[in-house]
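*Asks:* Structure below; questions to follow.
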Amino acid sequence: MEPVRIVLAEDHSLMRVGTRRILEQCPDLTVVGEADDGQQALDLITRLKPDIAILDIRMPKLNGIALVRRIKESSPNTRALMLTAYDDDDYIIALMEIGAWGYLLKTTRADELVEAVRQIHRGEPVLDRAIAVKVAHLWAQHRIMAGDAFSTQLSLREREVLEYAAKGLRNKDIAARLYISVRTVERHLSSIYDKLQVSSRTQAILQAISQHVVSLEEEK
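Under this note's numbering, the residues of the sequence shown are numbered 206 to 425, in order.
Here it is as structure tokens:
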């Protein structure tokens with residue numbers, strides 16, 4: 206199997222070099238390009254078409270939010286993972302709206318970053334727990350999503366799937382817990398997205414958290 210191809214965009218060279226070293230310790234990951242500003246990142250991503258782009262939010266010439274929008278046009282199969290020190294409300298909401306695949310803070314451990322890249326490559330979004338809680342509060346406060354969808358639309362099984370997804374379980378692990386197939390889990394998730402009028406696993410989880418249907422507490 207070919208390694209996951211990654212482009213790094215980070216204007217602080219020490220952080221960029223450190224991130225590259227972490228990733229390249231793993232034989233299934235390879236960094237194919239580095240950029241120290243947003244425009245350079247866009248040029249690299251457009252040319253190299255990597256699997257994953259790891260991006261900071263604040264960068265010279267083109268910020269991370271604008272960069273993700275441009276990437277979706279120039280390299281639609283590239284999935285963006287935001288790795289940033291910023292958790293400002295405006296940034297978070299903007300990133301949710303443009304549909305980046307992952308949101309991690311720079312306090313993330315090395316092993317968590319590596320697993321996040323692998324998870325996104327498998328098609329499973331990743332959200333830092335601190336950001337998830339913050340967004341959930343924002344959505345609840347501003348009533349971005351309607352809460353009655355859970356009580357009137359989701360089946361018991363769909364709630365169970367969503368509960369396990371919120372706790373960070375992968376589809377195969379959810380399937381094992383519920384004694385169903387992975388394909389059935391995928392069908393439940395697709396149904397959940399349709400009923401809640403969201404487009405991703407992350408948005409469905411955040412909506413559920415904001416309405417207190419699921420929690421981010423670890424299982425005992």
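Beta carbons: idealized from backbone N, C-alpha and C, even for Gly.
Quantities reported herein were computed from a predicted structural model and do not represent experimental measurements.
Helix, strand or coil, according to DSSP, for Leu411 in the structure here?
*Replies:* Leu411 falls in the helix class under three-state DSSP.
*Asks:* To the nearest whole angstrom, what separates the beta carbons of Val222 and Asp256, a pair I think is in contact under 8 Å?
*Replies:* That belief does not hold up - the Cβ atoms of Val222 and Asp256 are roughly 21 Å apart, past 8 Å.
*Asks:* Using the three-state DSSP reduction, which class does Ala305 fall into: helix, strand or coil?
*Replies:* Three-state result, Ala305: coil.
*Asks:* Indicate the three-state DSSP secondary structure (helix, strand or coil) for Gly223 in the structure shown.
*Replies:* Residue state, collapsed to three classes: helix.
*Asks:* Given Asp233, which residues of its chain have a CB within under 8 Å of its CB, disregarding the five upstream and five downstream residues?
*Replies:* Contacts found: Met206, Pro208, Val209, Arg323.
*Asks:* Express the C-alpha separation of Asp261 and Trp306 in angstroms, rounding to a whole number.
*Replies:* If I take the Cα positions, the gap works out to 14 Å.
*Asks:* Looking only at DSSP bridge pairs, what is Ile257 linked to?
*Replies:* Answer is Ile211, Arg284, bridged to Ile257.
*Asks:* Quick check on the burial criterion: 16 or more other C-beta atoms within 10 angstroms. Buried or exposed for Gln245?
*Replies:* It counts as buried.
*Asks:* Going by C-alpha distance, which of Leu272, Ile250, Leu309, Glu278 is nearest Leu286?
*Replies:* Out of Leu272, Ile250, Leu309, Glu278, Leu309 has the C-alpha closest to the C-alpha of Leu286.
*Asks:* Thinking Ile276 and Ala214 are a contact (beta carbons under 8 Å), I'd like their distance in whole angstroms, please.
*Replies:* With 8 Å as the limit, Ile276 and Ala214 do not qualify as a contact, their Cβ atoms being about 10 Å apart.
*Asks:* In this structure, how does DSSP classify Gly269 when only helix, strand and coil are distinguished?
*Replies:* Reduced to three states, the DSSP call for Gly269 is helix.
*Asks:* Based on Cα-Cα distance, which residue from Gly243, Gly238, Val236 lies nearest to Asp216?
*Replies:* It is Gly243.
*Asks:* Do Leu272 and Leu247 come within 9 Å of each other at the CB atom, strictly closer than that value?
*Replies:* In contact: Leu247 and Leu272 (Cβ atoms closer than 9 Å).
*Asks:* What are the start and end residues of each continuous alpha helix (DSSP H) run of 4 or more residues lying completely inside the stretch 351-387, in chain order?
*Replies:* DSSP runs (the alpha helix (DSSP H)) wholly in the stretch 351-387: 353-357, 361-371, 376-383.
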